[in-house]
Structure formats: C-alpha cells, structure tokens
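S.K.: Can you keep this structure in mind? I'll have questions shortly.
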Amino acid sequence: MRGDPVLRVFRCNLHVHTCLSPCGDLDMHPGAIVEEAVLKGLDVIGVSDHNASENVGFVMNAARGKPLTVIPGMEVTTREEVHVLVLLEDLPTLSLLQQYVYDRLEGLNNEEVFGLQPIVTEDGDVEGFNQRLLIGATTIPLEELVEKVHGLGGLAIPAHIDRPGFGVIGQLGFVPPGVPFDALEVSWRLGIRGGREKYPELSGYPFITSSDAHFIDDIAKACTPMMLSEPTLPEIRRALKGEGGRFVMEDAC
Ligand SMILES: [Zn+2]
Ligand SMILES: [Zn+2]
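Here our numbering is used: the first residue of the sequence shown is 3, the next is one more, and so on.
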C-alpha cells in the first residue's frame, strides 16, 4: 500500500560561493566545500557564484556518494545592482541561464583589484580562470530576470535583503510588490526571526536565511531547515509555498 511520503527536516544552506567568485576565498574549492558541509551536518547546499557557474558541476561531482545534495545556482547582479539568488533544477538549465547572463555582462576581470576567478575540479585541479568581470552588474532588469528564471523552472530569491549594499531594499528602497519572488533571503546576522520583526510589511513572503559563505568557516554559519520528502528543487518550491505538509522552519538551524 502506498502511503503519504515521509517528510523530514533537511538543513538547507542555499547560498554558498566557491573560489570562482572573485571575493570568494581560494580555499573554497569544490572538495573542501563539500567536506565542510558534510562535517557540519548540512543536507543541502546551493552553489551560487556571482554571475557565473563553472564550478557548480564540480561541486556536484564532489558530493557524489556523500550525504549532501547540491542545488545548482547563481547569484545574479541585476541592472539595479540587486543580488538575486537563482536556484535551478539541473546543469543543462543552468547553462541556459549562464548564456543569457554572459550575453548581458560586460567587461574583463582585473585580478589584482578584484581577485582571481579559478575554475577548480572536484580533485582540486585548476582548469583555468574565468576572465569576465564577474563582480560587475549585468544589464538585466530585476523583473526580467525573475521572468527568465521562472521560464527555466527555477526559483528567484532576492539575496540578503537587509544588507545596504546589493540588497533589494538598499538598492531600490523597497521590495517591488508586483514581482513574483519565490522567497526573500535575510542575512545570517539577522536571521529569519529577526527578519520577521524588522519587516512586518513583508509577512506575505516566505523567508530563508543562508550563510552566503565566501570562506570555509562560514559554510555552516546559517541554514534554513525545511520539511521536505526529498532534497530537490520541486520539494523546496513546495516548502516555500507551504504545500502538502512541506514548510520552511523559521527557527534557527
Ligand atoms: Zn550578494
Ligand atoms: Zn553571495
């Protein structure tokens, strides 16, 4: 007899950078990220480098056979300089988003000013360096990005909304009400409870918190526990919507 799926708590940190991000520590290579996440008992991580994704597949490879699920993602900088955490179902879909982003991102990196952008395999081999200006803003309007991500079946979540720099409120002054964001992310310093107190007017949105880790020690600094049947993007979407018994636990991780 087939019963309802068994739900359990998954500890999700959906916003983690790798060394590919110019501001990411060089120690943030795929193997080290996975090792630390497993060690600290995370169940799910989202890999989200600034406007880039070349290391995502390697983090997924590093997690193979380990009790950790890697959700492919990217932290896209919109034309308004708003950081948006994008989560997608698989690598082919991520590569479609990547092409769209690169077509709308100008400039070359200055390694001495912004840092190196190495592409590193799960074995720690450096495959090359991304030469684009990943720290820059794309020409993609916020609303268009959300539409594009939804067209790809993904989730679009304004990142660290409480931070003055690159948060949607800091950049625009408010969360544009007509844009169908899937959730809002508050930084780990504020946490979800703090976010609820600070932004009562945003009570209609699901909140998540993440570590936004750029350094190994920060990977498990925060996470969002979610009640899911399995660690997949569709299940995370259902939790954000509060469907079918899935939900986001707003307690500390
Ligand atoms: Zn950011
Ligand atoms: Zn980030």
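Backbone N, C-alpha and C define an ideal beta-carbon position, used for all residues, glycine too.
What distance in whole Å lies between the Cβ atoms of ILE142 and LEU186, which are believed to be in contact at a cut-off of 8 Å?
M.R.: Walking along the sequence shown from the start, residue 186 turns up at place 184. Walking along the sequence shown from the start, residue 142 turns up at place 140. Going by Cβ atoms, the distance from LEU186 to ILE142 rounds to 19 Å, so no, they are not a contact pair.
S.K.: Taking Cβ positions, are THR140 and VAL103 nearer each other than 7 Å?
M.R.: One-based indexing of the sequence shown puts residue 140 at position 138. One-based indexing of the sequence shown puts residue 103 at position 101. Their beta carbons are under 7 Å apart, which means THR140 touches VAL103 by this criterion.
S.K.: Might you give, ordered along the chain, the residues of its own chain that have their beta carbon closer than 6 Å to the beta carbon of SER50, omitting 5 neighbours on each side?
M.R.: Locating residue 50 in the sequence shown gives position 48, counting from the first residue. HIS17, GLY75, MET76, GLU77, LEU87, listed in sequence order.
S.K.: Taking C-alpha atoms, which residue in LEU118, HIS85, GLY138 lies nearest to GLY167?
M.R.: If you number the sequence shown from 1, residue 167 lands on position 165. Among LEU118, HIS85, GLY138, the Cα nearest to that of GLY167 is on HIS85.
S.K.: According to the Cβ coordinates, are GLY169 and ILE163 closer than 7 Å?
M.R.: Counting from one through the sequence shown, the residue named residue 169 turns up at place 167. Counting from one through the sequence shown, the residue named residue 163 turns up at place 161. In this structure, ILE163 lies closer than 7 Å to GLY169 by Cβ.
S.K.: Quick check on ILE238: does DSSP put it in helix, strand or coil?
M.R.: Stepping through the sequence shown from its first residue, residue 238 is reached at position 236. Of the three classes helix, strand and coil, the one that applies to ILE238 here is helix, per DSSP.
S.K.: Would you check whether ligand 2 has a heavy atom nearer than 6 Å to the C-beta of ASP214?
M.R.: Here residue 214 refers to the residue found at position 212 of the sequence shown. Checking the Cβ of ASP214 against ligand 2 gives yes.
S.K.: Taking only the alpha-carbon atoms, compute the straight-line gap between HIS216 and ASP27 and give it to the nearest angstrom.
M.R.: Within the sequence shown, residue 216 is the residue found at index 214, counting from 1. Within the sequence shown, residue 27 is the residue found at index 25, counting from 1. One C-alpha to the other measures close to 6 Å.
S.K.: Just to confirm, does GLU77 get its C-beta within under 6 Å of one of the non-hydrogen atoms of ligand 2?
M.R.: Numbered from its first residue, the sequence shown carries residue 77 at position 75. Yes, Cβ of GLU77 sits closer than 6 Å to a heavy atom of ligand 2.
S.K.: So which of ALA241, GLY175, HIS31 has the shortest CA-CA distance to GLN119?
M.R.: Walking along the sequence shown from the start, residue 119 turns up at place 117. When each option's Cα is compared against that of GLN119, the closest is HIS31.
S.K.: For the segment 242-251 against the segment 52-64, are there 3 or more C-beta pairs whose distance is under 8 Å?
M.R.: In short, these stretches do not touch, since the Cβ pair count stays below three.
S.K.: Hey, THR71 and PRO233: beta-carbon distance below 7 Å or not?
M.R.: Counted from its first residue, the sequence shown places residue 71 at position 69. Counted from its first residue, the sequence shown places residue 233 at position 231. In this structure, PRO233 lies closer than 7 Å to THR71 by Cβ.
S.K.: Kindly indicate the opening and closing residues of the beta strand (DSSP E) around SER189.
M.R.: The residue you call residue 189 lines up with position 187 of the sequence shown. Unbroken beta strand (DSSP E) run through SER189: 186-189.
S.K.: For ligand 1, I want to know if ALA54 counts as a neighbour, meaning its beta carbon is within less than 6 Å of at least one of the ligand's heavy atoms.
M.R.: Reading the sequence shown from its first residue, position 52 is the one you call residue 54. No, Cβ of ALA54 sits at least 6 Å from all heavy atoms of ligand 1.
S.K.: Suppose you measure from the CA of ALA161 to the CA of GLU129; what does that come to, to the nearest Å?
M.R.: Within the sequence shown, numbered from 1, the residue matching residue 161 stands at position 159. Within the sequence shown, numbered from 1, the residue matching residue 129 stands at position 127. Cα to Cα, the separation comes out at about 29 Å.
S.K.: Should PHE183 be listed as close to ligand 1, given that the test is whether its C-beta is under 6 Å from any heavy atom?
M.R.: If you number the sequence shown from 1, residue 183 lands on position 181. PHE183: no, Cβ never under 6 Å from ligand 1.
S.K.: Please name the residue or residues paired with PRO74 in a DSSP beta bridge.
M.R.: Mapped onto the sequence shown, residue 74 falls at position 72. PRO74 pairs with VAL49.
S.K.: I believe ASN15 touches ALA222 by the beta-carbon criterion, under 8 Å. Please report the beta-carbon distance rounded to the nearest angstrom.
M.R.: Position 13 of the sequence shown, counting from 1, holds the residue named residue 15. Position 220 of the sequence shown, counting from 1, holds the residue named residue 222. Correct: roughly 7 Å between the Cβ atoms.
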